[in-house]
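Numbering (the UniProt record's numbering), first residue to last: 1 to 271.
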Amino acid sequence: MCHTITQLDVPRWADPRIEAKLRCQYERQPGDPALHSVKWYRGKHEIFRYTPQEFETRAFNNTGVSVTNSSCDSLLCVITVRPEPGTAKYTCEVSSEGPRFAVDRRSANMTLAVLQEYDPLITGLPTIVQAGDEAIVNCTSDHTLPPARIDWFVDAELQEDPLITGVTHVSGADADGLQASWRTLQVFPDDYSSHRGYLSLECRATLPTRPLNIRSMAVRLFVASRPHISSSMLSKNSVSSCSTLRGQAGFSMILWTIYSLLRRQVTLLVI
Numbered sequence: 001m002c003h004t005i006t007q008l009d010v011p012r013w014a015d016p017r018i019e020a021k022l023r024c025q026y027e028r029q030p031g032d033p034a035l036h037s038v039k040w041y042r043g044k045h046e047i048f049r050y051t052p053q054e055f056e057t058r059a060f061n062n063t064g065v066s067v068t069n070s071s072c073d074s075l076l077c078v079i080t081v082r083p084e085p086g087t088a089k090y091t092c093e094v095s096s097e098g099p100r101f102a103v104d105r106r107s108a109n110m111t112l113a114v115l116q117e118y119d120p121l122i123t124g125l126p127t128i129v130q131a132g133d134e135a136i137v138n139c140t141s142d143h144t145l146p147p148a149r150i151d152w153f154v155d156a157e158l159q160e161d162p163l164i165t166g167v168t169h170v171s172g173a174d175a176d177g178l179q180a181s182w183r184t185l186q187v188f189p190d191d192y193s194s195h196r197g198y199l200s201l202e203c204r205a206t207l208p209t210r211p212l213n214i215r216s217m218a219v220r221l222f223v224a225s226r227p228h229i230s231s232s233m234l235s236k237n238s239v240s241s242c243s244t245l246r247g248q249a250g251f252s253m254i255l256w257t258i259y260s261l262l263r264r265q266v267t268l269l270v271i
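This is the structure:
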């Protein structure tokens, strides 16, 4: 028989700005030996040990993880750590006194990450874009760890042409090691046949965590319609053009007649 771990609380995501609290709860059944020790591991490395018979705790800070505080007794052991970058498996191991020194252990992964608190922001959107023109808009993500990947969608279709979307740019890390991402979209409304006076634009920011952490923002890009020329207007324009041509032709004939008469009179005078 041994002590049984009833609950293990290890944060899935650890914010580098905040110390993480790891909690291991266990119970002793009637007839079980006394508690011998409680140990915490990061991967295969022991980082903390509680031995109730010796009324002491020991922290092993040579693995890159700093144990900053602890509180342990016969039913519960809580430690506070400043986690390292990346993902690591944390294990709580509870053992009972001899002669068997039976052990129970449970593990959970913790990843250093700062998820998105806000949706991405789209800027540079014009009030309206004329048909035949282009619009250039930008999308910026929240500061995160790791940095977000940004994708653009037009009318729900992923835009993958690098000439249209460029690449995702990442800012330098701030004081907390967080980074923002941004990406532009160059829209040519004439390239899309589905617009109904507008195009639906969506910016999606994704963190490569498990599960994926996704935030998005959607807007409408309004497109001015091309002027429509009716058949009646074309007919009127044709009639007007014909009348103008006939008028020009008649005026030319009059000028030619006057020129001919004057030339004839000059010829008669010379004779």
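Think of the CB as a built atom: it goes at the ideal place given N, C-alpha and C, for glycine as much as any other residue.
Q. Is Pro83 buried or exposed, if buried means 16 or more other CB atoms sit within 10 Å of its CB?
A. buried
Q: May I ask you to report which of helix, strand or coil DSSP gives Thr127?
A: coil
Q: Go through its chain and collect everything with a Cβ distance to Pro189's Cβ below 7 Å, but skip five positions before and after it.
A: Val129, Ala131, His195, Leu199, Val223
(Q) Whether or not the region 81-95 and the region 34-42 are in contact is what I'm after, with contact meaning three or more pairs of Cβ atoms, one per stretch, closer than 8 Å; do they touch? (A) yes
Q | Identity of the residue in Arg210, Phe60, Leu125 nearest Thr87 by Cα | A | Arg210
Q: Consult DSSP for Thr165 and reduce its assignment to one of helix, strand or coil.
A: helix
**Q.** Cβ pair count under 8 Å reaching 3, the region 63-75 against the region 136-146
**A.** no
(Q) Can you look up Asp104 in the DSSP assignment and give me helix, strand or coil? (A) strand
Q) Apart from the five residues on each side of it in sequence, which residues of its chain come closer than 6 Å, Cβ to Cβ, to Asp9? A) Arg23
(Q) DSSP has Ser200 in a bridge; who is on the other side? (A) Arg220
Q. Given a threshold of 16 other Cβ atoms within 10 Å of its Cβ, counted over all protein chains shown, does Val167 qualify as buried or as exposed?
A. exposed
(Q) Between the alpha carbons of Gln186 and Val137, how many angstroms are there, rounded? (A) 7 Å
(Q) Using a Cβ-Cβ cutoff of less than 6 Å, which residues in the same chain neighbour Ser70 once the five nearest sequence positions on both sides are dropped? (A) Thr57, Ile79
Q. Based on Cα-Cα distance, which residue from Ser107, Trp13, Val65, Arg12 lies nearest to Thr6?
A. Ser107
Q | Pairwise C-alpha distance: Leu145 and Leu125 | A | 28 Å
Q. Helix or strand or just coil, what does DSSP make of Glu84?
A. coil
(Q) Suppose only complete runs of 4+ residues qualify. What are the alpha helix (DSSP H) ranges in the region 136-186, listed by chain order? (A) 162-165
Q. Apart from the five residues just before and just after Ala113, which ones in its own chain have a Cβ nearer than 6 Å to its Cβ?
A. Trp13, Leu145, Thr209
Q. Using the rule of at least 16 other Cβ atoms within 10 Å of the residue's Cβ for burial, across every protein chain shown, is Thr123 buried or exposed?
A. exposed
Q: Quick one: measure Cβ to Cβ for Val103 and Cys2, integer angstroms, because I've assumed they're closer than 8 Å.
A: 7 Å
Q | Helix, strand or coil at Glu134 according to DSSP, with G and I counted as helix | A | coil
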